[in-house]
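Numbered according to the numbering used here, the sequence shown spans residues 971 to 1576. For every residue, glycine included, the Cβ atom is placed at its ideal position computed from N, Cα and C.
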Amino acid sequence: MTTPEFTGLAAPLSALLGKEAKTGAADAAAAPATGTNTAVRTDTATSTAPAPGTGAAPGAGATVVPAAAMAGLPGMQPVPSAATDTSAVPGTGAVPDAGAVPGMSPVPGTSALTDTSAVPGVGTVPGMEAVPGLEAVPSMGTVPGVETVPGMETVPGLETVPGTPSSPLQTPSAAVPTANPTTALPTPNATTTQHLPGAQRGAFSPEMARRDFPILHRLVNGRPLVWLDNGATTQKPRQVIEAVAAFYGSANSNIHRGAHTMARDATALYEAGRAAVADFLGAPSPEEIVFVRGTTEAINLVAETWGRANIGPGDDILVPVLEHHSDIVPWQQLAAETHARVVPVPLLPDGQIDQFAYADLLSSRTRLVAVSHASNVLGTVPPVAEMTALAHRYGAKVLVDGAQAVAHFPVDVQAMDADFYAFSGHKLFAPTGIGALYAKPELLASMVPWQGGGNMIESVSFDRTTFAPAPHRFEAGTGHISGVVGLLAALDWLSSFDHEAIAKYEADLLAYARQALAMVPGLEVLGDAPDRIAVLAFTLAGHDPTAVAQSLDLEGIAVRSGHHCAQPALAHYGLDSAVRASLALYNTPEEVDQLVASLLRLQQSP
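Next comes the structure, spelled out in structure tokens:
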């Protein structure tokens, strides 16, 4: 296999392509995406030594983008760093030095990554200056060997609730706000690996993750942002933002059909993304990965292709009550057209799927079981592997909605023996509008194209059209190429941490949050399944969920309210609306404390 030459490709993109990955069949005009460690040539010099403790791809140098690619986003100030002087920003004081960000050293011939001062027309965005009297963001604690994240001090003037500590934002070992000052909550497990100088790839702490997210350093309504709406979408690390910007700045082209350099570069990135997804899901081959807009499109693709060919009158589609609407409505539409039935699988009071009822509902009529790997409203993690094995005994296929799972714990589609597995990139720190569908190769080979057009054909005439092999036959037209580049960067960033360590940290944080929220009078958390992700849907007595969310927003805390596209799951509890706080790897006990303190203030207000 030869290595393509990436002339002029920006450093972040070269880094993403400079690592080993499984590759699949690409268009004849496309160069192989990955699979070699041969040095990649660019028009700028690059560092070959990985920055200590960063998420840089193995064997890759520092991630660097010209300053123009990092111009301030609308409504955002530049993120403070060692290369950014914020002392001149009106209304702010000197920002504590964060030290040089690993992997962000300037490359000869390029501007420093975070320096946006030289970009014409990029100035301070109106309304985004520092709030008078608000000098810094809540303390995140310190990690040995890592300097303080810029602007992470205490919030002056933040009132406290009677019976709570003097500040609602505490260190993990401090007591959580409570009506009973003598009751202290357990500390989240403190064994997470700290990011020491020279730490090996795989170390993890929430502080390490937070420093990569520019948006987590902004203010909302004069308060530091506390992002607890990760179930709706996760925020994007700078590595993803940079990679997308670099693609448009140095490699933008359509893919597969071009013979020129830019087409080869773009195709290589696109297919590298496919290989990365296959690795991430434990799929045997990149040819089993279809790029889609997200989980919803993936499920509709299966319904409109495999479903139409294999589900007919009298057949059953089993769908648990906890499913997201995107895993209910497509099957209802298919059943209405084919005269099949959608059969709901009931829940237990704690939010688990009733496995005895599931076993009873399976029969020779069952053609498909559609189940989420983790519930977006209850957090429940069903025993998917066991449910799949049981379904296969009846000859049924299993589609797993992994939208809420992939960011929280490792996924192995072979181990669970899933027939189909779908996820959305935007819930995995990647851009919106990109996702992937895994399917077993024999199923993909049997499925007819869903949409027709360019890219998905081998030849077209008015007499006969032949289609490209899977997965390309399911990717009609120009795909979300930059989205795939962003997804590739997100997977590379996430894989720089130990995924098991992330899952352990989030489990500890969830336990801490459950006990902290129990101190709020009148608050009831929905569901108590033993296996769950860090999703907390709750009601607050005497308060409408929307009003609760609006009140929290005034203090900079973003949560979701409503039915969460899971009305049957809420109906199981006699509700049509709830508040949801969904946690991610960059959330902290201090942010949980702030949520609890705000809820206590709301509950005690007249």
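| Query | Result |
| --- | --- |
| Quick check on DSSP: helix, strand or coil for Trp-1420? | coil |
| Can you grab the Cα-Cα spacing for the pair Leu-1457 / Pro-1576, in whole Å? | 47 Å |
| Find out if the Cβ-Cβ distance for the pair Phe-1390, Val-1370 is shorter than 8 Å. | yes |
| In whole angstroms, what is the alpha-carbon distance linking Asn-1191 and Glu-1525? | 7 Å |
| How about Thr-1204 and Lys-1397: do their beta carbons lie closer than 8 Å? | yes |
| Assuming Pro-1184 and Arg-1208 are in contact, meaning their beta carbons sit under 8 Å apart, how far apart are those beta carbons, in whole angstroms? | 6 Å |
| Which residues in the same chain as Leu-1569 place their Cβ atom closer than 6 Å to its Cβ, once the five residues preceding and following it in sequence are excluded? | Val-1490 |
| Counting only the same chain and skipping the five closest in sequence on each side, list residues whose C-beta sits under 6 Å from that of Pro-1290. | Val-1315, Ile-1323 and Val-1341 |
| Who are the Cβ neighbours of Thr-1148 in its own chain at under 6 Å, not counting the five residues just before and after it? | A caution first: Thr-1148 carries a pLDDT of 39, below 50, which makes its placement in the model too unreliable to give a value. |
| Can you tell me whether DSSP reads Val-1376 as helix, strand or coil? | coil |
| Please check the pair Leu-1321 and Thr-1350, which I expect to be a contact at CB under 8 Å, by giving their CB distance rounded to whole angstroms. | Residue identity differs from the one stated: residue 1321 is Gly in this sequence, not Leu. Indeed they touch by this definition, with Cβ atoms about 5 Å apart. |
| I'd like the span of the alpha helix (DSSP H) that includes Tyr-1391, first residue to last. | It is not in any alpha helix (DSSP H) - Tyr-1391 instead sits in the beta strand (DSSP E) that spans 1390–1394. |
| If I'm right that Ser-1552 touches Ala-1504 with Cβ under 8 Å, what's the distance once you round it to whole angstroms? | 7 Å |
| Our contact map puts Gly-1284 next to Arg-1335 with C-beta atoms below 8 Å; I'd like the distance itself, whole angstroms only. | 6 Å |
| Taking C-alpha atoms, which residue in Ala-1400, Leu-1555, Leu-1292 and Asp-1462 lies nearest to Gln-1537? | Leu-1292 |
| What distance in whole Å lies between the Cβ atoms of Val-1562 and Ala-1483, which are believed to be in contact at a cut-off of 8 Å? | 5 Å |
| What is the DSSP secondary structure of Phe-1432, reduced to helix, strand or coil? | coil |
| Expressed to the nearest angstrom, what Euclidean distance is found between the alpha-carbon atoms of Asp-1270 and Val-1214? | Correcting the residue type first, residue 1270 is Asn in the shown sequence and not Asp. If you take the alpha carbons of Asn-1270 and Val-1214, they lie about 27 Å apart. |
| Once DSSP output is grouped into helix, strand and coil, what is the label at Pro-1314? | strand |
| Measuring alpha carbon to alpha carbon, tell me which residue in Thr-1308, Ser-1220, Gly-1264 and Ala-1385 is nearest Gly-1277. | Thr-1308 |
| Contact check, Tyr-1408 vs Val-1383 under 8 Å by CB: the rounded distance? | 5 Å |
| Please return the same chain residues whose Cβ sits closer than 6 Å to the Cβ of Gln-1421, not counting the five positions on each side in sequence. | Ala-1446 |
| Between which residues of its own chain and Asp-1182 is the CB-CB distance below 6 Å, once the five residues before and five after are set aside? | Pro-1207 and Arg-1208 |
| Return the residue from the list Ala-1229, His-1226, Ile-1225 and Ala-1236 that minimises the CA-CA distance to Gly-1219. | Ala-1236 |
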